Structures are given as C-alpha cells and as structure tokens.
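There are 2 protein chains.
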Amino acid sequence: MPKKDSALKIIPLGGLDGIGKNMTVFEYGNDMVMIDAGLMFPDDEQPGIDLILPDYTYVLENEDKLRGIIITHGHEDHTGALPYLLQDLTHKVPIYSSKLTLGIIEGKLAEHNIKSPKFREVQDGSTITLGAFNITFFAMTHSIPAAFGVFMNTPAGNVMHTGDFKLDQTPIDGVRPNYAAINRFAAEGIDVLLSDSTNATRPGFTPSEAAVGPALRHIIKNAPGRVFVASFSSHIHRLQQICDASVAVGRKVVVTGRSMVTNTKVARELGYLRIADENIIDAYDLEKLPDEQIVVLCTGSQGEPLSALARMANGEHKSLSIHEGDTVIISANPIPGNEKSVQAIINSLSKLGCDIYDKSQALVHVSGHGSQEELKLMLAMVKPRNFMPVHGEAQHLRAHAKLAQQVGIPERNIFILDNGDSLEVRHGKARRGPSVDSGVVYVDGLSITDANPVVLRDRQRLAQDGVITCVVAIRSRNHSVDTIDLSGRGVSFATDEVLMGDARDLVRSQVERLEKGNGASIDTVRKGVRNSLSNFLWSKTHTRPMVIPVVMEV
Amino acid sequence: MPKKDSALKIIPLGGLDGIGKNMTVFEYGNDMVMIDAGLMFPDDEQPGIDLILPDYTYVLENEDKLRGIIITHGHEDHTGALPYLLQDLTHKVPIYSSKLTLGIIEGKLAEHNIKSPKFREVQDGSTITLGAFNITFFAMTHSIPAAFGVFMNTPAGNVMHTGDFKLDQTPIDGVRPNYAAINRFAAEGIDVLLSDSTNATRPGFTPSEAAVGPALRHIIKNAPGRVFVASFSSHIHRLQQICDASVAVGRKVVVTGRSMVTNTKVARELGYLRIADENIIDAYDLEKLPDEQIVVLCTGSQGEPLSALARMANGEHKSLSIHEGDTVIISANPIPGNEKSVQAIINSLSKLGCDIYDKSQALVHVSGHGSQEELKLMLAMVKPRNFMPVHGEAQHLRAHAKLAQQVGIPERNIFILDNGDSLEVRHGKARRGPSVDSGVVYVDGLSITDANPVVLRDRQRLAQDGVITCVVAIRSRNHSVDTIDLSGRGVSFATDEVLMGDARDLVRSQVERLEKGNGASIDTVRKGVRNSLSNFLWSKTHTRPMVIPVVMEV
Numbered sequence: 001m002p003k004k005d006s007a008l009k010i011i012p013l014g015g016l017d018g019i020g021k022n023m024t025v026f027e028y029g030n031d032m033v034m035i036d037a038g039l040m041f042p043d044d045e046q047p048g049i050d051l052i053l054p055d056y057t058y059v060l061e062n063e064d065k066l067r068g069i070i071i072t073h074g075h076e077d078h079t080g081a082l083p084y085l086l087q088d089l090t091h092k093v094p095i096y097s098s099k100l101t102l103g104i105i106e107g108k109l110a111e112h113n114i115k116s117p118k119f120r121e122v123q124d125g126s127t128i129t130l131g132a133f134n135i136t137f138f139a140m141t142h143s144i145p146a147a148f149g150v151f152m153n154t155p156a157g158n159v160m161h162t163g164d165f166k167l168d169q170t171p172i173d174g175v176r177p178n179y180a181a182i183n184r185f186a187a188e189g190i191d192v193l194l195s196d197s198t199n200a201t202r203p204g205f206t207p208s209e210a211a212v213g214p215a216l217r218h219i220i221k222n223a224p225g226r227v228f229v230a231s232f233s234s235h236i237h238r239l240q241q242i243c244d245a246s247v248a249v250g251r252k253v254v255v256t257g258r259s260m261v262t263n264t265k266v267a268r269e270l271g272y273l274r275i276a277d278e279n280i281i282d283a284y285d286l287e288k289l290p291d292e293q294i295v296v297l298c299t300g301s302q303g304e305p306l307s308a309l310a311r312m313a314n315g316e317h318k319s320l321s322i323h324e325g326d327t328v329i330i331s332a333n334p335i336p337g338n339e340k341s342v343q344a345i346i347n348s349l350s351k352l353g354c355d356i357y358d359k360s361q362a363l364v365h366v367s368g369h370g371s372q373e374e375l376k377l378m379l380a381m382v383k384p385r386n387f388m389p390v391h392g393e394a395q396h397l398r399a400h401a402k403l404a405q406q407v408g409i410p411e412r413n414i415f416i417l418d419n420g421d422s423l424e425v426r427h428g429k430a431r432r433g434p435s436v437d438s439g440v441v442y443v444d445g446l447s448i449t450d451a452n453p454v455v456l457r458d459r460q461r462l463a464q465d466g467v468i469t470c471v472v473a474i475r476s477r478n479h480s481v482d483t484i485d486l487s488g489r490g491v492s493f494a495t496d497e498v499l500m501g502d503a504r505d506l507v508r509s510q511v512e513r514l515e516k517g518n519g520a521s522i523d524t525v526r527k528g529v530r531n532s533l534s535n536f537l538w539s540k541t542h543t544r545p546m547v548i549p550v551v552m553e554v
Numbered sequence: 001m002p003k004k005d006s007a008l009k010i011i012p013l014g015g016l017d018g019i020g021k022n023m024t025v026f027e028y029g030n031d032m033v034m035i036d037a038g039l040m041f042p043d044d045e046q047p048g049i050d051l052i053l054p055d056y057t058y059v060l061e062n063e064d065k066l067r068g069i070i071i072t073h074g075h076e077d078h079t080g081a082l083p084y085l086l087q088d089l090t091h092k093v094p095i096y097s098s099k100l101t102l103g104i105i106e107g108k109l110a111e112h113n114i115k116s117p118k119f120r121e122v123q124d125g126s127t128i129t130l131g132a133f134n135i136t137f138f139a140m141t142h143s144i145p146a147a148f149g150v151f152m153n154t155p156a157g158n159v160m161h162t163g164d165f166k167l168d169q170t171p172i173d174g175v176r177p178n179y180a181a182i183n184r185f186a187a188e189g190i191d192v193l194l195s196d197s198t199n200a201t202r203p204g205f206t207p208s209e210a211a212v213g214p215a216l217r218h219i220i221k222n223a224p225g226r227v228f229v230a231s232f233s234s235h236i237h238r239l240q241q242i243c244d245a246s247v248a249v250g251r252k253v254v255v256t257g258r259s260m261v262t263n264t265k266v267a268r269e270l271g272y273l274r275i276a277d278e279n280i281i282d283a284y285d286l287e288k289l290p291d292e293q294i295v296v297l298c299t300g301s302q303g304e305p306l307s308a309l310a311r312m313a314n315g316e317h318k319s320l321s322i323h324e325g326d327t328v329i330i331s332a333n334p335i336p337g338n339e340k341s342v343q344a345i346i347n348s349l350s351k352l353g354c355d356i357y358d359k360s361q362a363l364v365h366v367s368g369h370g371s372q373e374e375l376k377l378m379l380a381m382v383k384p385r386n387f388m389p390v391h392g393e394a395q396h397l398r399a400h401a402k403l404a405q406q407v408g409i410p411e412r413n414i415f416i417l418d419n420g421d422s423l424e425v426r427h428g429k430a431r432r433g434p435s436v437d438s439g440v441v442y443v444d445g446l447s448i449t450d451a452n453p454v455v456l457r458d459r460q461r462l463a464q465d466g467v468i469t470c471v472v473a474i475r476s477r478n479h480s481v482d483t484i485d486l487s488g489r490g491v492s493f494a495t496d497e498v499l500m501g502d503a504r505d506l507v508r509s510q511v512e513r514l515e516k517g518n519g520a521s522i523d524t525v526r527k528g529v530r531n532s533l534s535n536f537l538w539s540k541t542h543t544r545p546m547v548i549p550v551v552m553e554v
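Protein sequences appear in the order of chains A and B. The UniProt record's numbering puts the first residue of the first sequence at 1, with every later residue one more than the last. The UniProt record's numbering puts the first residue of the second sequence at 1, with every later residue one more than the last.
The following block contains the structure:
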C-alpha cells in the first residue's frame, strides 16, 4: 500500500519537444499507467533515420507497475511506438482505446508480427480501474473519429488529459465533445490539466470539419473531368465528406494508396465510414466510366515520393495516370518540412495541365486542433488548479501557458516541462519532481538504438561534401610505398584526373617523408595522410570531403 | 542590318522552373540584351551545393551581340549570377540599373575581386538605346526600393517586362508604380508582356508595405525589454519602418549581422534609408542603455544557422545575447524549405523566455509580390497581344495564365515556356521558336560545373545510409588474402564488432572462393566484394550503405 502522502507522478517521456512521439506516464505508489505511445518522423537533421521513438527505459525498468496503456486516438504520433514497446515488455499489458483506434493498431501490430495483443475496447463514458487509478474516458473531436480525453482519479489528486482535440459543434459523425462529462469532472476538481498545445499560437476558433464539405462538393461538382483528392488516410471524417460529395454529384469513388485502402477498409468494416458498395469501384474498372463520373481518393497529401499521388503524377502508378483536364484537390496541410515535396508534386501536376486546389485557394482543409479560443474555453470549463501544456514545440507550450495566465491560472501553477521531467501532485498541489532517464531512440533499418550524434553528423558531412578514400599500402620490409589508391564519391572533382593525380603525389611524398628512416606507426601515417589530403583539397576545391585513410603494411 | 522581317527572340534562361535564377535574353538581329542575372539557392535535392546558376552558354556563344545587361532590382535571384557571368565574358558589358541596385551589386562584385564594372545608372523614365532596342525604365514597387519595370521597343515589336512587383499605392518612399508610363506604353501597343507570377495563386490584393508599420510600432512600444527584429537586409522599406517605429517610441537602434550592416550602410549613404546618427548605436555601447530603450535590427529571419539571430539565440554571438524578457519579431516569411530552421530558432527563443511575434500573430510582414487582383489589373492596363508568365514555379505560371484568360487574352496568345525555349515576335505576332542550350550550373566550392546527377545521388545515398570501405590486399604470388580492412562512417552498426567481424569473414571467404585456382581479375573481386557485402548488410541491418571496395595486389 502506498503511504498516505504518496505523490501522483506525471512523467512525460515524449511530446514536449515537438509535435510527435507522445507518451506520458502516470505513477502512484506501485501503479503506473501510460497515456499514448507515439512515434515521430525524422527530418533533415536525422538523415537516413526511419523513425524516432521516445526512450521508454523508465517504463521497462518499472514494468511490474505498469497496469495499462491508454491510447487516446489512432494517429501514429500517439500509437506508433506500440509495436516496439510491446516487444520490449515481458508481459502482455492491456491496451485501452476505442474500437476504431484498436482496429488501426491491430493492423500495425500485425505488420510487426505481434499476435493477440490484450485489447480492451472502451467507449465515451467508460470507467476502468487500474490499480490506484480510476479512469474515465470522454469523447473529444479531432481529425480522426473516436478520439478520447481521459480523466483520472487517484488518492493524490485528479488529472485530466485532453488528448488531441478541437471543439467541433458539428462533427461529421455527430459525436460532440462530452461537455457534460468535462464539467462534471471540473466540479469534482481537477488538480492538473494536460492540454493539447498544437495550435496555441493560432488566434480564434478552428472551423468545424463540416466547413470543408461545401468547398469539396463545389469543386467535385464543377470539375470538367476526373477529380483526385489526396488526404490523410486516417481522416475518416474527411473521407466521408469526399465520398458524400462524390455520391451526391453522381460520381463513383476509387481508392488507391496502401494506407488509404487499408484504412477505408477498416473504417467501413467498423461502421465509421459509410458508402454503399456500388459507389466504390476498382481502379481497373475505371475505363468503363466517363471521366466526369470519377473521384479518386488517394494518399500523397504530404508529397511522399512513393505515394499514390506522386506515382500517378510521375506516370509510375500501376493502374492510374493523371492527365490534362483532371482536377486535383490537396485536402490537407503540409506538415512542417514537407512543403517543398508537396510543391514539387503540385508543379508536376501543373505541367500535366491539371487544375489544383489546395488550402490557399479553397476551404479544402481545416485543422484538427483547437485554436486559442478553444484552448481558453477548455481551461475556463475545467478550471484546473495546475496546468501543464503538452503536445507541442517550445513555442506552442509557452503560448499555451500564456493563454492559461489570461484565463486566470497563476503563473506559479503552470508547469512547462521537458521530456523526462516529472510533476508531483499531492493534496491538489503540484511541484516539480526529479527527472528520469529519457531521450530519443532511432530506428535505422533493423537497428534500434540511442541517438548517436556521430553517425548523424557523419551522414550530414557526407551529404555536404562527399567522401574520399585513400588506401596506402606500405612494404614493411623497407618502409617504401607499394600502392596508393585514391577514389571519391559524391565529390565534383572525382573525375578531374589532374587534381586526383596531384593528390596522389602529395600523399606519396607525405608518406615517404614520414616513413624515412625507421618508419612511422600506422596511426601516424593515417593522420598525416588525412591532414595533408584535407588541406590540399580545401586549398584546391574549397570543399571538405570526409577523408577515410586506410594504411596497411604488406 | 537585320532583314525587315527579322524576329525579336525572347529566350528565358532561368526563372521558369522555380522562384530564382532569373535571366532572360532578348535578341534582334545582331543585338542582344539581357534582363536580370540571378542565382538560386539549393535545397535538400542538391546537398552540399553552394549556389545554382542558370546555364548561360548561349550568351557566351553570342557575346559579340550582347549590348547590355539590365538589372530590374537588387535581390540575389536577379543579381547573383553577375559575378560569374562577368568573369566569363571577355568584354566589359555595361550594366544598367538604379543607384541602389548598382550599389548593392558593387559590394557583391568586390567580394569576387571584380574591379571597375561598367555601371550605367538609370532612373524612372530613363531611355537608352542598345543596338536595335529602345529601352525605357519605369518605377515599380517591390520589397526593395528602386525597382524597375522595362519597356522595349524594337523593329519587330514592343515588349514589357514588369520585373518583380506589387502595386503599392502607399509605398514608404513615396515612389509609386509609374502608371502613366505603363499606360503610355500600352497605348503604343505591347506585343508581349512578361509578368511576375510569384503570387499568382494568391487571391486578392497584397497589402501595402505601409500596413506593417502600425503592428511594428505597437509591439516595439509595448515590449517590456529589448526588441530584436529579424528581417531581410535588402528590405530597406521595412528597415525604415523599424527605425521609424524605434525612434518614435524613444528607442535606439543597433544593427548586427554582416549583410544587415552592409546594406544599411549602403542604403544610408545613398539616401534610401534615413535615420539620424544619434539614433544608431554600436552593439558594444548597449550596456549603457536600459533594455526598454533598445531595438536590435538583425539578420536571421530565414533561420540561417550562422546568422545574427541564430547566434544570439544560441549564445554564440560576439557581443549580444538574448534573454528572458526580450521580444523578438520575425518580420519576414520563411522561404519554402526554411520553415523548420525558422521554427527551431523560435523554439530556442521560446525556451529562453522571449515573446515572439511572427506573421501568424501580428501583421509584421507583407509580401513584395502582387496577388491575383494586381496581376489582373496589370494585364488589364497593358492589354498585351501576347502574354508570357515569368518568375514562378509551374503552378504559378499556370495560375497566371488562367488569370490572363479571365482578363480576355485568348489561350493561343498565352505562352508558358520552359527555360531555354524561345518565343519569336514578328509584326505583333508571337510563336514558339527553336530552343537553345540551357540548364543549371552548380557552384560547389571552387568548382562551377554542369549539374552532375551522379554526384548528388551519391551524396543523398551517403546521407541516407552512410559508407562502408572495404580494402582487400591480395598476395599476387599465391592469390591469398593478405589483409582485409573494413570501416564504416555514418552507419549505426560501425561499432558492432560481431557484425563487422562476420562481414570481414564473409569478404575473406568470398575473395578466397574467387581467387581459387588461377585467381581472378581485380575488377571481378571488387564486384564480388561489393555485392556480397551489400547483400549481407541488407539482410542483417536493412540498410544499404554505399560500399566502396578497394582491391589491391601486393
């Protein structure tokens, strides 16, 4: 039994240094609950890395306490670490979420050959007990159906986690945020609120998802030929609106792109996406229909080079191609970092003679995250004693903290944490606690390791200036140079025979100088080769390729 | 003398495949005039490349015809190829532009040790004759002062080139677009209009530069401590407004960042930027002033890692640091591709405890390019017989062409060209002509060469998966393996001794198999090593590092 004055510890392991890899641990006595287990996608700073996970060593070390994993919704920044975490845990820990979210997770786990996970389906209003935690789920609106917020009652205090949310009064599936539950919890008293900060710098109120429908229908109705709509495959409400608009104007829908095919299948089976079978046709049957009766729902809204839209735009899709007279709707916003890839596809499509609609020309996308007015409204409804902004970059967390001050929460009760920091709650009071091991883990092919800055720095350097290998074979019997082999990759001057010849001569004379007399250690020669070659190349080319010297005695 | 029915040829060498490296050649008989000579900055697709230039071989081959180079304004995408072009030309060709533009170019040429260029200063309304070309300059408004449009009268037809422009009725320096001249040329008849397409997808009318003033003044006035404003150093009107706001609220201005120091100096000397000496102070004198009397004007609005703002945010600036209570204004938009770098700096500043204002929170930036209503207005004023959208990516050119159709220009008279294409104008009629050599040239250190796709592909591959060098020394006398040296850079498994040992064993047995009997050619062994190592690493790591095999006989 925990002592009477035990603290509830809130430990974010991810999600506070960017939009991604959300994972927060809640611990009281011998009981631990995790909310979300997400991944993050790498950017230019992490070349060649496939995925980034939060370092969840702390969870593994305390596995015996872990009573359950709660997933608020089905986006990868909330679910994507699960395949890795589940394989690292020695016990089967139950996973609590909505039917749709579990359906999406099931598919992902199957890809990793993870069999029969312990799924526990919950609904809006479901209450579960995990050790000292009494947990209630409540409906929230977001850019994926069946998203939850979480209320936790513990002996040390009450906590609410909004999950990702916007406050949509006219959601496509009619499932509004459960304001009654939120206000009931508020009446019980919330000691700490954790709330989504993604749009904390954006003034106003995010428009309802329903606002997108008329623009989609208008474009689809008036398009002279086929219409291609690229969107997030998990954005079932958006897909529903695209399907509804298509059917309303007498068009059939074709679905293409792996995740789009998978997610529409799951969502239709589970009853989240409704379109009659006769209105969905196979890509191979398209030729039977006139262009003006076709809508193609596809992946590629982020400019991904292997996506359906990119393949179609480049004439590399197995069954579909885009041509003059087609209309393309990008029903999504580029995620920061993807702007140029998206623009490249738009340019390819423009050259083909397509009309393109994106957010800048028509209301074909709205955010799934609440803006400042919604965040303040949430704070005003919940009236938390303490506030911890989550799910955002430093700018967003700070902006959210300022909003909380505006709503009347004293600055001393607002806690901007870093991943691995902890917040301790006792008798309604919160204060910072000790930090735990945290960080990031890189998935690089089959290797899943702590971030190694040397590897990434080397890759960036290789990308900048290429590599020169210089192999020197020295005859051990007389310290003379047997062979010098010099080759470059990713360097503009590799085919400049004069320069490469001069470089070879330089290495030879450098080695001969070092070896004169009794010879030198291999290490000395290696360093000498590297330095002289680097300096020579800088002086001749003003580039600094990575020099890999290999010195061997033969 | 050209024949009576000679054509005026319009040949864009750059600027039609993206925002950058603008360069257009106009040729009639034995006379050639160039408008703009710009560069483009590389993106992720060109790792390690310093700059991208248009391939101007065609100009060098016809140098004897080149009568002059006209520069519309001082931005690098219109001037940056000049240092390279001037060095490649054998004669001194005169350069025509405004006082400010020439002042900016002079500084750049000096950096390249180009002495006493043939500068010819022109004003709004200036008319010059270059061979068969009668050329008139007219004032336009843009995000840099002293920008021109160009009207050309030739025996084969009249052409107008807008340069980069917006239609600003309340420009900071009072120099409005010369509508009278534009309408006078229109009355003479314009056979071809070339017009700026940058914002052709943006509805409405771009706000006046003056719209930014009140927001800047409000933030600067109410900031509790120092205010740092990052902007483009060539945006003299913006700098003027920042200086004016600072002086109006009793603050002194400090200028930092190399290009900001240079450009403010040039602009003040030439009379384009007006601020009294007593209101500008040196960074080292800052400590004498209280925080609330300071504004720092700095570079870094694009998140450049070596810029003043980045250095200050990271505590690496020689004289200034940013701390809690400071306010930072990003008075610029991130250029596509720079979004993440800018956001990274904003996050660093947020962690320091700064208040940050960018375009999403206050009107601290407006574009320098006209939106759809301005583009249509220009088309309506000019009433060109033929239209050629320039200065944009494929999407922008197509959007601009659609606007032209809306204004009544028949589709057959609208020409979307690629770089290197030509348009021939005769008796007011335009048609596509033959193409000329064109393309891009990369500046990579000291090497200035045609784009080499192999080099860039290798760099991207090196960045993705790193490099493995495998050196095999074979004793020529008995075909046995003398030494195997295996090393990796930028690979996560380079320190995995078991894996590296297994790889070495694999290479040894592969080489021994190949060398059995009479031995094998070095090339055969090299290929064998590369293939077996690549396959082994893929099977063990699911990565594909570049394998550089070096096989030598000793």
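Beta carbons are placed, not taken as given, at the ideal position from N, Cα and C, and that holds for glycine. No experiment lies behind these values; they were computed from the predicted model shown.
Name the DSSP bridge partner or partners of residue i?
i: HIS161 of chain A; result: A:VAL150, A:LEU194
i: VAL425 of chain A; result: A:LEU8, A:ALA430
i: THR136 of chain A; result: A:THR127, A:PHE151
i: ASP31 of chain B; result: B:TYR28
i: MET552 of chain B; result: B:ALA473
Within the same chain, show all residues whose beta-carbon is closer than 7 Å to that of residue i, passing over the 5 residues directly before and after it, in chain order.
i: THR206 of chain B; result: LYS166, ASN199, VAL366, SER367, HIS369, GLY370, SER371, GLU374
i: GLU512 of chain A; result: VAL481
i: THR495 of chain B; result: none
In this structure, how does DSSP classify residue i when only helix, strand and coil are distinguished?
i: CYS243 of chain A; result: helix
i: ARG398 of chain B; result: helix
i: LEU66 of chain A; result: strand
i: ASP450 of chain B; result: strand
i: PRO42 of chain A; result: coil
i: GLY469 of chain A; result: The sequence given here places Thr at residue 469 of chain A; Gly does not occur at that position. Of the three classes helix, strand and coil, the one that applies to THR469 of chain A here is strand, per DSSP.
i: PRO214 of chain B; result: helix
Which residues mark the beginning and the end of the beta strand (DSSP E) in which residue i is found?
i: SER480 of chain A; result: 480-489
i: PRO389 of chain A; result: 386-390
i: GLU209 of chain B; result: First-last for GLU209 of chain B: undefined, no H or E at that position.
i: VAL441 of chain A; result: 440-444
Counting only the same chain and skipping the five closest in sequence on each side, list residues whose C-beta sits under 6 Å from that of residue i.
i: ASP485 of chain A; result: VAL471
i: VAL491 of chain A; result: GLY466, PRO545
i: residue 643 of chain A; result: Residue 643 of chain A lies beyond the range of chain A shown here (1 to 554); nothing can be said about it.
i: VAL390 of chain B; result: GLY15, LEU194
Tell me which same chain residues have a C-beta within less than 8 Å of the C-beta of residue i, skipping the five on either side of it?
i: GLY189 of chain B; result: ASN158, ARG385, GLY428
Buried or exposed, going by whether 16 or more other CB atoms sit within 10 Å of the CB of residue i?
i: ASP277 of chain A; result: exposed
i: LEU60 of chain A; result: exposed
i: PRO290 of chain A; result: exposed
So residue i is in the alpha helix (DSSP H); what residue range does that whole segment cover?
i: ILE356 of chain A; result: No alpha helix (DSSP H) holds ILE356 of chain A; the beta strand (DSSP E) holding it covers 355-357.
i: ALA310 of chain B; result: 308-313
i: ILE351 of chain A; result: Note on residue identity: the sequence assigns Lys, not Ile, to residue 351 of chain A. First-last of the alpha helix (DSSP H) with LYS351 of chain A: 339-352.
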